[in-house]
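Trainee:
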Amino acid sequence: MSASGSQASVEPRDERPALGETGNDPLVLLELIQRLKVRDVMTSDLVTLPRAASMQQAQELMRQKKISGVPVEENGRFFGLVSIDDIIRALVAGTIHESCGRHMTTKLVVLEDDMPLSFALRYFDRYHYGRFPVLNRDRRLVGIICQRDINRALLVELTRELHRLENDSVRQGGDGVASSLYLLREFPICKYDFENAGKAANQIKQVLQEKKFPPKVIRRIAVAAYELEINLCVHSDGGVLSWQVSNGRAEVIARDAGPGIEDVEWACRDGTSTANEWIRSLGFGAGMGLVNVRRVSDEFEITSKKGSGTTVKSVIYLEGMPS
Amino acid sequence: MTLDAVVTACNWEPVLVPDPMAEVSGAYVSDLLSDVMAHCPDGAVLITVQNHTNSVAVCTLVGAPAIVIVHNRDIPEDMQAAAVREGIALLRTPDDQFHAALMIGKALGSGEGES
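Top line first, the protein sequences correspond to chains P and U. For the first sequence, the working numbering gives the first residue as 1341, with consecutive numbering after it. For the second sequence, the working numbering gives the first residue as 301, with consecutive numbering after it.
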């Protein structure tokens, strides 16, 4: 029996060429599906059994490893697969002590490791199996693929692609920085978590400093982010602060799921606040937060409804007014 | 004027001074952190009673190199740790905000210890 585990072999591979034509193309996912091969996605660290192993051993192995099928192979030669269905049949028929070689499924649909991922997706759609064994050109078993492997691989690849776009932006930094840059970050903010309040704004500041934005612009973006971060911390039941830089503008958005603001106009007035004494003793809750955000913003929007959430959006132009 | 020279001229307790040569161009007195963010100039030291980590975060954002804690208030460990991380100096004085501001105003106005 070979080694265990059902970890997907989808670590980021830097030697793989970047998606040359993707840029901001929304079809990036389709291109990934075409570009990735089954071997990039499959689990290659396989749990297998020889034909002589009993069905009970297969059952125990599936239970231990929390997997739903065990390939039967010897020295790389693939013979079949023991699935949960096979185990149930063996239990019903009283053949659980007999060999896998006798009771495994042998009529199988298999994939080849150099097939594109799109091929595997079509197979999942067509056959509705939970997994497919993967063979190489020499017809030797090299892996197994299930839909979870595909999801994981696509997430990893999309993250790589995002990093690549960001790195490209860094390389383009210096001239016309803002128009070509694309950054996106999200920070969950918990209610009353003052210890961590400010971390998002600080990180935004650091990233923009690295990319050599003018200090005055950085300060405005950081102030908007910090005030919105504190607002989430003080007034909401928790939410998310996100910011992005693209197309010559920075957007800082605070979203929460409650409790909402009854009178938005009142809340935006200088000096008005619902903060309690404890919050005020920390130097917050003076009713200046939203006023500050509006002051540093080129565009400012707030939408809220009592009993539901609030969204505040601050837009700051990076190189004068956008065209 | 360097931070080191300001600390000496004002006789403030240097609780933590990561960069003694940091340039100080003024001071801002406030206990409201939103007010600090709105109006504190780059290079000014913040004179405040707010002895917690959020003051450090705000100073980092506005480019204030130091915080002067008035009334000899305690400086908690987490605030010191944040200041080390962010490279912000922490100073302390038994004076109130008004007198602390007078001291640094005098020091900067006279150019004493100017580098």
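For glycine and all other residues, C-beta sits at the position ideal for the given N, C-alpha and C.
Distance, Cα to Cα, S1644(P) vs I1601(P)?
Mentor: As a working mapping, residue 1644(P) is identified with position 304 in the first sequence. As a working mapping, residue 1601(P) is identified with position 261 in the first sequence. Their backbone Cα atoms lie some 6 Å apart in a straight line.
Trainee: Can you pull the chain U neighbours of Y1566(P), defined as C-beta to C-beta under 8 Å?
Mentor: If you number the first sequence from 1, residue 1566(P) lands on position 226. Going along chain U in sequence order, the residues near Y1566(P) (Cβ under 8 Å) are M337, A357, V358, L361.
Trainee: Who are the neighbours of D331(U) on chain A, taking C-beta pairs under 7 Å?
Mentor: The structure shown contains no chain A; its protein chains are P and U.
Trainee: Of all the CB atoms in chain U, is at least one closer than 8 Å to the CB of A1358(P)?
Mentor: For the purposes of this step, residue 1358(P) is taken as residue 18 along the first sequence, with counting starting at 1. Reliability of the predicted coordinates at A1358(P) is poor, the pLDDT of 45 falling under 50, and no value is obtained from them.
Trainee: So A1565(P) is in the alpha helix (DSSP H); what residue range does that whole segment cover?
Mentor: In the first sequence, the residue the question calls residue 1565(P) occupies position 225. It spans 1555-1575 - the alpha helix (DSSP H) in which A1565(P) sits, taken as one unbroken run.
Trainee: Answer with buried or exposed for E1641(P), where buried requires no fewer than 16 other C-beta atoms within 10 angstroms of its C-beta.
Mentor: Taking the first residue of the first sequence as 1, we reach residue 1641(P) at position 301. E1641(P) comes out exposed.
Trainee: Are there 16 or more other CB atoms within 10 angstroms of the CB of T1651(P), so buried, or fewer, so exposed?
Mentor: By one-based count along the first sequence, residue 1651(P) stands at place 311. Exposed.
Trainee: Is it the case that the Cβ atoms of M1395(P) and I1427(P) are separated by a distance below 8 Å?
Mentor: In the first sequence, the residue the question calls residue 1395(P) occupies position 55. In the first sequence, the residue the question calls residue 1427(P) occupies position 87. Cβ atoms of M1395(P) and I1427(P): closer than 8 Å.
Trainee: Since L303(U) is in the alpha helix (DSSP H), which residue starts that stretch and which ends it?
Mentor: Reading the second sequence from its first residue, position 3 is the one you call residue 303(U). Where L303(U) is concerned, the enclosing alpha helix (DSSP H) stretches over 303-310.
Trainee: In terms of alpha-carbon separation, which member of M1455(P), M1402(P), R1379(P) lies closest to L1389(P)?
Mentor: As a position in the first sequence, residue 1389(P) is number 49, starting the count at 1. The candidate whose alpha carbon is nearest that of L1389(P) is M1402(P).
Trainee: Can you tell me the Cα-Cα spacing of R1589(P) and D1638(P), whole angstroms?
Mentor: Within the first sequence, numbered from 1, the residue matching residue 1589(P) stands at position 249. Within the first sequence, numbered from 1, the residue matching residue 1638(P) stands at position 298. Cα-Cα distance, rounded: 10 Å.
Trainee: Quick check: does the Cβ of F1640(P) come within less than 7 Å of any heavy atom belonging to the ligand HEM?
Mentor: Ligands are entirely absent from the displayed structure, and the ligand HEM is therefore not among its contents.
Trainee: I'd like to confirm the pairing. Which residues does DSSP put opposite A327(U) in its beta bridges?
Mentor: Along the second sequence, read from residue 1 onward, the residue named residue 327(U) stands at position 27. In DSSP, A327(U) forms a bridge with V345(U).
Trainee: Any Cβ of chain P within less than 8 Å of the Cβ of N354(U)?
Mentor: Numbered from 1 along the second sequence, position 54 holds the residue referred to as residue 354(U). So yes, N354(U) belongs to the interface.
Trainee: Tell me which residues of the stretch 1527-1538 of chain P have at least one Cβ-Cβ distance to chain U shorter than 7 Å, keeping chain order.
Mentor: Going along the stretch 1527-1538 of chain P in chain order, one finds F1534, E1535, A1537, G1538 with a Cβ nearer than 7 Å to chain U.
Trainee: Compare the C-beta of A305(U) against all C-beta atoms of chain P and say whether one is closer than 8 Å.
Mentor: Residue 305(U) sits at position 5 when you count from the first residue of the second sequence. Answer no: the Cβ-Cβ gap between A305(U) and chain P never drops below 8 Å.
Trainee: Assuming L346(U) contacts I367(U) under a Cβ cut-off of 8 Å, what Cβ separation, rounded to an integer in Å, is found between them?
Mentor: As a working note, residue 346(U) is residue 46 in the second sequence. As a working note, residue 367(U) is residue 67 in the second sequence. So it is a contact: roughly 5 Å between Cβ atoms.
Trainee: Which residues in chain P sit within 8 Å of Q350(U), going by Cβ to Cβ distance?
Mentor: Here the question's residue 350(U) lines up with position 50 in the second sequence. By Cβ distance, chain P contributes L1622, G1623.
Trainee: Can the beta-carbon of C340(U) be found closer than 8 Å to that of I404(U)?
Mentor: Stepping through the second sequence from its first residue, residue 340(U) is reached at position 40. Stepping through the second sequence from its first residue, residue 404(U) is reached at position 104. For C340(U) and I404(U), no; Cβs fall outside 8 Å.
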